[in-house]
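Accompanying notes for the structure given below.
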Amino acid sequence: GIGFSGMQCVKLPISVRVEINLLLLAVTVLALVTRIYGIHFPRAVVFDEVYYGQFLSLYMKQVFFIDESGPPFGHMVLALGAYLGGFDGNFVWNRIGAEYTSNVPVWSFRVIPALAGSFCIPLAYLLVVELGYSHFSALGACVILLIENSLIVQSRFMLLESVLIFFLLLAVLSYLHFHKARNFKSAFSCQPSVTVMIFALISWWFWLMICGVSCACGIGVKYMGMFTYILLLGLTAVHTWQLIGDRTLSHVLVRFLALVVLPVIMYIGFFYFHLTLLYRSGPHDQTMSSAFQASLEGGLARITQGQPLDVAFGSQVTLRTVSSKPVPCWLHSHKVNYPIRYENGRGSSHQQQVTCYPFKDVNNWWIIKDPGRHSLVVSSPPRPVRHGDIIQLLHGMTSRYLNTHDVAAPMSPHSQEVSGYIDFNVSMPAQNLWRVDIVNRESDREIWKTILSEVQLVHVNTSAVLKLSGASLPEWGFKQLEVVGDKIYKGYQQSGMWNVEEHRYGRSQEQKERELELKSPTHSDIKRNLTFMAKFLELQWKMLTVKNEESEHKYSSSPLEWITMDTNIAYWLHPSSNAQIQLIGNIVNWTIANLALVVYCLMFLTYLLRRRRKVEDISQDSWEQLVLAGVVCFGGWAVNYLPFFLMEKTLFLYHYLPALTFKILQIPIVVEHLYIHVLKKAFGGVILAVLCSVYVSYHNLSPLTYGQPALSSDELAALRWRESWDILLRKR
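Okay, here's the thing in structure tokens:
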């Protein structure tokens with residue numbers, strides 16, 4: 012039984028008492044007002060809305076896309092707002108400042124990021140309290156975050172930073188709740204009852220699961236969420252290590268399941284919903300493999316549905332490179348020869364050009380021929396081509412054989428030229444035999460499969476591998492991509508892999524009939540479906556490896572400029588007045604946040620050194636509280652800021668906002684510690700003066716935050732507090 016002593020802890024009758032923190036309620040309402048009021052203004056595309064809007068339209072039309080900047084969960088969150096607003100996907104996202112048409116639900120587009128930005132304020136309040144600091148400190152953190160201009164701007168538009176920060180704060184808060192909940196027994200003066208124990212256990216599990224879910228959502232919005240996730244995993248590892256001595260290993264397993272397994276399952280789940288929703292072919296298809304494209308409705312699936320699966324002697328095929336760099340393309344030839352001499356004086360074979368062409372074209376068709384027979388049609392029954400077979404490749408429209416020889420390639424002189432063979436009777440015999448190597452084969456006599464097989468074509472005479480070099484040919488080659496024979500080819504290189512994309516069994520022996528056949532659509536009756544995991548792994552790999560060309564942007568900046576806010580971003584400018592929206596932070600906030608960071612480091616190092624010398628200025632509990640606050644706030648700033656120094660992508664001021672949020676949380680923690688342990692007098696007046704200056708800075712910059720009212724050129728010039736700020740002035 013429970014025992015009499017346990018029953019004494021239970022007070023009958025059992026009642027529920029609800030406490031409402033009016034302070035927390037008030038700051039939440041103020042946050043909603045500052046973030047949501049007037050978000051329909053301006054009714055025009057604001058900065059990166061032009062980027063996210065394209066994906067929104069594709070979601071509404073269920074058209075596949077790939078965005079290498081991050082996982083799909085963030086786009087799905089924005090798409091939810093568009094869907095609830097009844098958006099039909101019809102809007103041309105071509106420029107910043109474009110007026111939204113009547114079918115675009117602007118408020119619905121922007122309300123989810125605005126809500127996320129609003130709820131960051133109460134989360135910050137709860138986080139500071141959870142770290143063991145006073146409600147006054149928590150209120151101070153709220154006030155500073157509430158009137159931080161940069162966070163307000165980023166929350167009021169269809170952008171993802173506010174959603175990311177929301178999930179990061181929720182993850183940290185829920186972990187701290189979980190960490191505190193595990194010590195629930197020590198809070199009771201006597202043995203707690205079974206009911207209390209069960210409730211505490213449910214609370215313990217609940218906060219741990221919320222932490223795992225929030226981490227997954229943070230990473231799902233942007234890969235930047237990974238930084239805070241790693242910080243929390245490190246904190247969990249330290250806390251778990253402290254437990255291992257007197258607890259069972261079940262504690263380790265529970266944390267592993269909630270903080271590793273659950274986020275991985277959720278992350279894969281985001282892609283499952285993404286790929287389930289986006290089943291139609293679209294503009295990003297060509298980045299993906301032929302097999303992936305064929306699994307989408309329309310596009311390649313429409314062309315290839317029902318093609319013969321087994322490649323046979325006499326098959327008419329298009330060969331697509333497995334590599335997407337620099338662009339996906341098909342093996343191609345045309346009735347133009349290599350120039351006799353190149354611009355640098357080197358000579359060529361003057362035979363027919365063979366290139367890689369990034370568009371579907373009738374000149375991409377090749378016929379797979381048996382070198383021992385003259386027939387160019389598929390026999391009955393078809394004789395399949397297998398791994399290790401020797402073939403010739405005949406260009407369908409010009410009847411030239413694919414050839415390579417000991418002549419330097421035009422743009423890659425260390426490799427061999429690949430040509431369509433022409434016999435000029437100059438002691439240059441045909442070398443047109445190729446061995447089929449199926450790289451992803453499961454047996455040594457595997458049949459070459461349409462779409463599914465990744466094939467190397469190895470030249471019999473020279474052992475060179477047919478390969479896309481990636482270089483573009485000059486004007487004489489129509490800027491098409493160079494194909495070479497690589498004699499020093501080693502290992503797995505996608506540029507040397509080809510797969511059959513379009514495929515038909517050839518029926519015409521005569522050239523004229525064959526040309527008509529090549530121009531007709533393919534037709535037959537076999538359907539292919541990739542598994543979800545195959546599609547997920549391919550999409551994930553493409554996102555991590557295929558990068559758009561990074562270019563300098565007018566408003567791009569370096570991480571060093573963010574610390575002192577030497578940069579800004581013009582988000583929107585009214586077409587006829589000086590009304591504008593700028594991503595500019597509250598300069599007083601940024602300054603005191605930097606100061607708090609420096610003061611915390613000095614305090615921490617001082618205490619650490621003195622504790623090494625057995626001088627304890629503060630109690631053990633205060634020290635542990637200070638260390639935990641430092642791990643969360645200073646650590647949160649560091650992990651969300653320092654990695655940008657290692658990145659080669661184009662960076663903007665908004666990348667700093669997650670780090671800034673953690674840095675602002677450091678301010679009240681440092682202030683309270685100084686107030687209690689160092690400066691006990693006349694500190695309240697200083698705090699009040701600083702908060703007043705924070706508000707004055709917010710108020711002065713608010714026309715640039717909200718885009719209204721429109722200021723005169725002189726008023727705007729007066730707001731240019733730094734020479735490096737680019738505030739737009741319209742000359743009248």
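267 is the number that the numbering used here gives to position 256 of the sequence shown; each next residue is one higher, with no gaps.
No residue lacks a Cβ here, since even glycine has one placed at the ideal position from N, Cα and C.
Keep in mind it's a predicted model, so treat the numbers as computed, not measured.
Asked, Found
"Where SER704 sits in the DSSP three-state scheme", "helix"
"Cβ pair count under 8 Å reaching 3, the segment 41 to 53 against the segment 119 to 132", "yes"
"Terminal residues of the beta strand (DSSP E) in which LEU330 lies", "326 to 332"
"Test item: CB-CB of GLY231 and PHE281 under 8 Å", "yes"
"Cβ-based burial, GLY517 [other Cβ within 10 Å; buried from 16]", "buried"
"TYR516, DSSP secondary structure in three states", "strand"
"Candidates PRO116, TYR717, ALA728: closest to ARG167 by CA position", "TYR717"
"Any alpha helix (DSSP H) of 4 or more consecutive residues that is wholly inside the segment 620 to 659", "631 to 640, 646 to 652"
"Nearest neighbour of VAL174, chosen from ASP372, GLY128, ALA729 [CA to CA]", "GLY128"
"Best match in GLU486, LEU664, ASP628, PHE615 for proximity to TYR353 [C-alpha to C-alpha]", "GLU486"
"Other residues of its chain near TYR432: CB distance less than 7 Å, five sequence neighbours each side excluded", "GLN362, ARG411, TYR412, ASN414, ALA441, ASN443"
"Segment contact flag, the segment 362 to 379 with the segment 341 to 353, C-beta cutoff 8 Å, min 3 pairs", "yes"
"Nearest-angstrom Cα separation, counted from ALA269 out to ALA55", "42 Å"
"C-alpha gap between GLN504 and VAL338, whole angstroms", "15 Å"
"Beta-bridge partners of CYS367, as assigned by DSSP", "LEU342, LEU492"
"For SER200, three-class secondary structure by DSSP", "Caution applies to SER200, whose pLDDT of 44 falls short of 50 and renders its modelled position unreliable; the model cannot decide the point."
"The segment 565 to 574 touching the segment 652 to 663, judged by at least three CB pairs closer than 8 Å", "yes"
"DSSP three-state assignment for ILE462, whether helix, strand or coil", "coil"
"Cβ pair ALA135, LEU715 closer than 8 Å", "no"
"Test item: CB-CB of VAL466 and ASP448 under 8 Å", "yes"
"Euclidean distance between Cα positions of GLU734 and GLU572", "13 Å"
"Simplified DSSP assignment, three categories, for LEU727", "helix"
"CA-to-CA distance, ALA545 to ASN651, given in whole angstroms", "32 Å"
"Identity of the residues DSSP links to ASN355 by a beta bridge", "DSSP, once it has assigned bridges, lists no residue as partnering ASN355."
"Own chain residues within Cβ distance below 6 Å of VAL476, not counting five before or after", "GLN467, VAL469, ASP497, TYR500, GLY507"
"N- and C-terminal bounds of the alpha helix (DSSP H) containing THR247", "236 to 255"
"Beta-carbon contacts of GLY100 that lie in its chain and below 7 Å, excluding the five residues immediately before and after", "SER68, MET71, LYS72"
"Alpha carbon of TRP216 to alpha carbon of ALA192, nearest angstrom", "9 Å"
"With 16 other Cβ atoms within 10 Å as the buried cut-off, status of GLU563", "exposed"
"Residue range of the unbroken beta strand (DSSP E) whose run includes LYS380", "376 to 380"
"Neighbourhood of GLY223 by C-beta, 7 Å cutoff - its chain only, sequence neighbours within 5 removed", "ALA269, LEU270, LEU273, PRO274"
"DSSP state of ARG456 mapped onto helix, strand, coil", "coil"
"DSSP-derived helix/strand/coil call for VAL29", "coil"
"When CYS153, VAL117, LEU286 are compared against PRO133, the one with the closest alpha-carbon", "CYS153"
"Three-state class that DSSP yields for HIS188 in the structure shown", "helix"
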